[in-house]
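This report refers to the structure that appears directly beneath it.
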Ligand SMILES: C[S@@+](CC[C@H](N)C(=O)[O-])C[C@H]1O[C@@H](n2cnc3c(N)ncnc32)[C@H](O)[C@@H]1O
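In our numbering, the protein residues as written are 24 to 251.
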C-alpha cells in the first residue's frame with residue numbers, strides 16, 4: 024500500500040508531502056533531469072499508488088512557459104496508470120483541466136485551496152483521486168497571502184504587480200520557498216546558486232506542502248478505511 028510512483032516529479036514538493044505521510048516515493052522521469060514520460064514504460068504490478076501533476080501551462084491562465092511543457096500530457100498520465108495498474112492514484116492540475124476528455128469518468132475530482140489546508144497562499148488546485156474520494160476539511164478563518172506561480176519571476180516588483188494583486192517577482196528565493204512550505208528547498212537552491220528564473224519556476228510549479236500533506240493524509244485515511 025505504501026510504494027508510490029511519482030510522475031512529473033519536478034523538484035518534488037508533492038513527493039515530499041507523501042513521504043512525510045509515510046509513503047515510499049519513487050520518482051519517474053522529468054524533463055528537468057533529462058527524462059521524458061513519453062518514453063517511460065514502467066512495469067505492471069509493482070506500485071501501489073501513482074501521484075503527479077502533469078504540466079499545466081496548456082490550461083493555465085498564467086500561459087505557456089517552456090517548449091514541450093506546452094504539450095497536453097494528461098493523456099500520458101492516464102497511459103502510465105493503465106500500464107502500471109496501481110491500486111490508487113492522485114493527479115493534480117489547475118482547475119481549468121477539470122472535465123478534460125482524457126480523464127476517466129470514474130476518477131473523483133475536487134478543488135483545494137492551500138490556505139484551507141493550513142498553508143500560506145491563495146493557490147487553488149484541482150485534484151483527481153481513484154478509487155476513493157480524498158476528503159479534506161477546510162480551515163475556517165483567516166486570509167491567505169498571494170500565490171507563488173511558475174511565472175512569478177517574470178513579473179518584477181512594480182506597480183503592475185501591485186495593481187494586479189500578483190506576488191512581486193523580485194522577492195528573495197527564500198520567501199517563495201517559505202510560502203510554498205519548503206524553506207529547506209529554498210536554502211538548497213540558494214546554496215547551489217540556482218538561477219533565479221529556475222528557482223522560482225520550480226518552486227512555483229510545485230504543490231504547496233500543506234496542500235500535498237492534506238491530500239496525502241486523506242489518502243492514508245481512505246486506505247485505512249479500505250483495509251478495515
Ligand atoms: C507541475 S510540475 C510538477 C511539480 C511537482 N508535482 C511538485 O509538486 O513539485 C510539472 C513537471 O512536468 C515536467 N515535464 C514536462 N514535460 C515533461 C515530459 N515530457 N516528461 C517528463 N516530465 C515533463 C516539468 O519539467 C515539470 O517539472
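Note that beta-carbon positions come from the ideal geometry of N, C-alpha and C, so glycine has one too.
Note that this is a predicted model, so its numbers are computed, not measured.
DSSP state of residue i mapped onto helix, strand, coil
| i | result |
| --- | --- |
| residue 170 | coil |
| residue 49 | strand |
| residue 34 | coil |
| residue 193 | coil |
| residue 94 | coil |
| residue 212 | helix |
| residue 29 | strand |
| residue 89 | Low per-residue confidence applies at residue 89: pLDDT is 41, beneath 50, and the placement is therefore not dependable, though the value from the model is reported in the following sentence. Three-state result, residue 89: coil. |
Run of the beta strand (DSSP E) containing residue i, from where it starts to where it stops
| i | result |
| --- | --- |
| residue 135 | 131-136 |
| residue 74 | 72-75 |
| residue 149 | 147-153 |
| residue 112 | 111-116 |
The alpha helix (DSSP H) enclosing residue i, as first and last residue numbers
| i | result |
| --- | --- |
| residue 250 | 232-250 |
| residue 227 | 219-228 |
Classification of residue i by the beta-carbon crowding that lies within 10 angstroms, buried from 16 upward
| i | result |
| --- | --- |
| residue 139 | buried |
| residue 90 | With a pLDDT of 40 at residue 90, under the threshold of 50, the predicted position of this residue should be treated as unreliable, though the coordinate-derived value follows. Burial call: exposed. |
| residue 279 | A question about residue 279 goes unanswered here, because the residues of the chain that appear run from 24 up to 251. |
| residue 124 | exposed |
| residue 146 | buried |
| residue 86 | Confidence at residue 86 is low in this model, with a pLDDT of 48, below 50, so its placement is unreliable and no value can be given for it. |
| residue 69 | exposed |
| residue 233 | buried |
| residue 158 | exposed |
Any non-hydrogen atom of ligand 2 within 7 Å of residue i CB
| i | result |
| --- | --- |
| residue 139 | What this structure holds is ligand 1, not ligand 2. |
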